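First residue of the sequence shown: 51, per my numbering; consecutive thereafter.
In what follows, a single structure is set out as structure tokens and then discussed.
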Amino acid sequence: MIIIKKLLSSFSFFLFLLCGAVCVALLAGCVFHEAGGTTTLLQRDAHFKNIAVAPFQGLGSDDPDVKIIRCPISGTTFGACGFSGNPEKKVEEQFVGGLNPAGGYALIPPQEVRDVYRRVAAGSPGEPPLEILKKVGKQVGADGIIAGHLFCYRERKGFGYSAERPASVTFCIHLVRVSDGVSVWKGVFDKTQSSLMENILDILPFIRGGGKWMTAEELSWEGVREILKGFPNMKGN
């Protein structure tokens with residue numbers, strides 16, 4: 051009887067520890083996005099009636115010696131990786147699709163901005179990116195313009211439940227005031243998915259992803275959803 055009681059006591063203690071670990075993991079999971087995605091409101095009094103979306107730019111590099119790339123808008127450096135195709139268009143679509151149409155502003159979509167952007171950029175060789183954005187914004191009738199840059203879009207190597215290498219995505223998105231070229235808001239996502247054994251804070255996105263290794267597209271959508279939570283509401287202008 052004594053042995054049985056000891057076994058039951060040990061088992062109960064094990065269950066207590068297990069439940070405690072799960073609770074801690076769930077609570078800790080809430081801060082996942084703080085590590086992967088962050089937003090910063092740089093100008094609290096910024097209100098725009100018309101916001102244009104410039105075509106997102108891919109700045110990844112296949113050169114193994116180029117591991118760091120500087121953001122053309124803020125000058126912040128990000129880890130870079132090579133990617134094929136045009137995944138920046140996918141991130142652009144995800145971001146535009148997630149914007150709130152009731153946010154107090156009219157959106158000028160990328161398809162209405164793309165040709166103007168190309169023409170202005172081609173006619174302004176060597177001009178700073180912010181100056182180009184200002185010109186584009188004025189020509190399309192916007193007082194705010196969104197610019198996004200993709201630095202890394204590395205696809206997972208393997209399968210959903212057995213990946214040799216996880217997906218990795220890094221991008222930065224700015225909302226720029228057209229009148230003076232000042233960035234009033236930025237959202238940054240920099241994430242390489244890790245296993246629960248490596249990082250218990252990944253439990254919530256792990257569950258949302260169906261308990262599997264995400265593709266780069268799924269990971270970028272995770273980041274877009276997170277930074278859009280901090281996108282400024284323009285109501286009250």
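The beta carbon of each residue, even a glycine, is placed where N, CA and C say it ideally should be.
As the structure is a prediction and not an experimental result, all values here were calculated from the model.
Check, Outcome
"Return the chain-ordered list of same chain residues with a C-beta closer than 8 Å to the C-beta of Ile118, the five sequence neighbours on each side being excluded.", "Thr127, Phe128, Gly129 and Ala130"
"Can you tell me whether Ile277 is helix, strand or coil according to DSSP?", "helix"
"Pull up the DSSP beta-bridge partners for Leu157, would you.", "Ile101"
"What span of residues does the beta strand (DSSP E) with Phe145 cover, start to end?", "Element bounds for Phe145: not the beta strand (DSSP E) but the alpha helix (DSSP H), Pro137 to Gly148."
"Tell me whether Leu76 sits in a helix, a strand or coil according to DSSP, three-state version.", "Because the pLDDT at Leu76 is just 39, under 50, the model does not fix this residue reliably, and the value given afterwards should be weighed accordingly. In this structure, Leu76 counts as helix in the three-state DSSP scheme."
"Can you name, in chain order, every residue of its own chain whose Cβ lies under 7 Å from the Cβ of Glu296, other than the five neighbours on each side?", "Nothing in the structure corresponds to residue 296, since the chain is present only between 51 and 287."
"For the beta strand (DSSP E) that contains Gly87, what are its first and last residues?", "Gly87 to Leu91"
"Taking the beta carbon of Glu177 as the centre, do at least 16 other beta carbons fall within 10 Å, making it buried, or is it exposed?", "exposed"
"With a CB to CB cut of under 6 Å and the five nearest residues on each side skipped, what residues in its chain are close to Val166?", "Val186, Gln189 and Val190"
"Which whole-angstrom value is the C-beta distance of Ile101 and Ile195, which I expect to be below 8 Å?", "7 Å"
"The alpha helix (DSSP H) spanning Lys262 covers which residue range?", "Counting along the chain, Lys262 falls outside any alpha helix (DSSP H), and DSSP gives it neither H nor E."
"Starting from the Cα of Glu272, find the closest Cα among Ala197, His224, Thr90 and Lys140 and give me that residue.", "Lys140"
"Pairing CB atoms from the segment 140-160 with CB atoms from the segment 229-236, are three or more of them under 8 Å?", "no"
"Using three-state DSSP, classify Ile182 as helix, strand or coil.", "helix"
"To which residues of the same chain is Pro122 closer than 7 Å at the C-beta, ignoring the five residues directly before and after it?", "Pro179 and His199"
"Using a threshold of 9 Å, state whether the C-beta atoms of Glu142 and Val103 are closer than that.", "yes"
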